[in-house]
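Quick note: the sequence shown uses UniProt numbering, first residue 1, plus one each step.
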Amino acid sequence: MHRIVCVPLLTAIVTAVLSLVGCSQNDHKKSPAAEPSVPPATSSVVPARPTGPLPAPEALTDVLSRLADPGVPGANKLNLVEGSTPETAAALDRFTTAARDGGYLPMTFAANNLAWSDRNPSDVMATVVVTTAQPNNRQFTFPMEFTPAQGGWQLSRRTAEMLLALQNSRNSTPPSTPVPAPAPEPGPAPAPEPSPSETPAPAPAPPG
Numbered sequence: 001m002h003r004i005v006c007v008p009l010l011t012a013i014v015t016a017v018l019s020l021v022g023c024s025q026n027d028h029k030k031s032p033a034a035e036p037s038v039p040p041a042t043s044s045v046v047p048a049r050p051t052g053p054l055p056a057p058e059a060l061t062d063v064l065s066r067l068a069d070p071g072v073p074g075a076n077k078l079n080l081v082e083g084s085t086p087e088t089a090a091a092l093d094r095f096t097t098a099a100r101d102g103g104y105l106p107m108t109f110a111a112n113n114l115a116w117s118d119r120n121p122s123d124v125m126a127t128v129v130v131t132t133a134q135p136n137n138r139q140f141t142f143p144m145e146f147t148p149a150q151g152g153w154q155l156s157r158r159t160a161e162m163l164l165a166l167q168n169s170r171n172s173t174p175p176s177t178p179v180p181a182p183a184p185e186p187g188p189a190p191a192p193e194p195s196p197s198e199t200p201a202p203a204p205a206p207p208g
């Protein structure tokens, strides 16, 4: 029997998301004579938000529908996830297989509350409502981030790690085992058998 994932687990996964790799620092050192006496002024450049319109919700849900399709191998979905590797393809295959075996497929998606991301202004955040075929977990809502790629959209690496962490949590949960019944209590010890009664010796006859 397949174990059913509880909806509150989705919220707990968000706290376990891996951070994206930051920019590498410059390791080149200068000699003390070459260093200026006044440190140069540093300025942080904040990327400007796109001026164009937000994508249509269908442009984002189409990405999710293709990712959840078990008929498409993971190797053909690499362009749907940011920073994909061959290991990502294997993880996507495991994810869709588990969703199918658990009775969650087919899935449908609806994207609401689209907005430009505060973290990466060129990315789009959306509140995605996922409807599954699993009666006990029919519908849940999950925040997702999408990044532009090759004229379309793909799931951000951060969101993909959230979804794959869900699958890892399901695999790492040991199956429940029945509690063994307690051993029957030992019965009372049998009473010792009574020893045979001794027959008294006959009294000696009186002298004649």
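Even for Gly, the Cβ is constructed at its ideal location relative to N, Cα and C.
The structure presented is a predicted model; accordingly, all values stated were derived computationally and were not measured.
Counted within 10 angstroms of its Cβ, other Cβ atoms place residue i as buried (16 or more) or exposed
| i | result |
| --- | --- |
| residue 157 | buried |
| residue 90 | exposed |
| residue 24 | The predicted position of residue 24 is uncertain, since its pLDDT is 30 and thus under 50; no value can be drawn from it. |
| residue 165 | buried |
| residue 56 | exposed |
| residue 58 | exposed |
| residue 155 | buried |
Minimum C-alpha distance to residue i - residue among the options
| i | options | result |
| --- | --- | --- |
| residue 48 | 122, 131, 126 and 89 | 122 |
| residue 51 | 130, 100, 116 and 57 | 116 |
| residue 102 | 135, 119, 85 and 53 | 135 |
| residue 120 | 145, 57, 139 and 140 | 145 |
Cβ distance (whole Å) where residue i is taken to contact residue j below 8 Å
| i | j | result |
| --- | --- | --- |
| residue 128 | residue 142 | 5 Å |
| residue 70 | residue 105 | 7 Å |
| residue 82 | residue 147 | 5 Å |
| residue 132 | residue 107 | 5 Å |
| residue 68 | residue 99 | 7 Å |
Three-state class that DSSP yields for residue i in the structure shown
| i | result |
| --- | --- |
| residue 132 | coil |
| residue 152 | strand |
| residue 68 | coil |
| residue 159 | helix |
| residue 86 | helix |
| residue 76 | helix |
Contact check, residue i vs residue j, beta carbons under 8 Å
| i | j | result |
| --- | --- | --- |
| residue 60 | residue 126 | yes |
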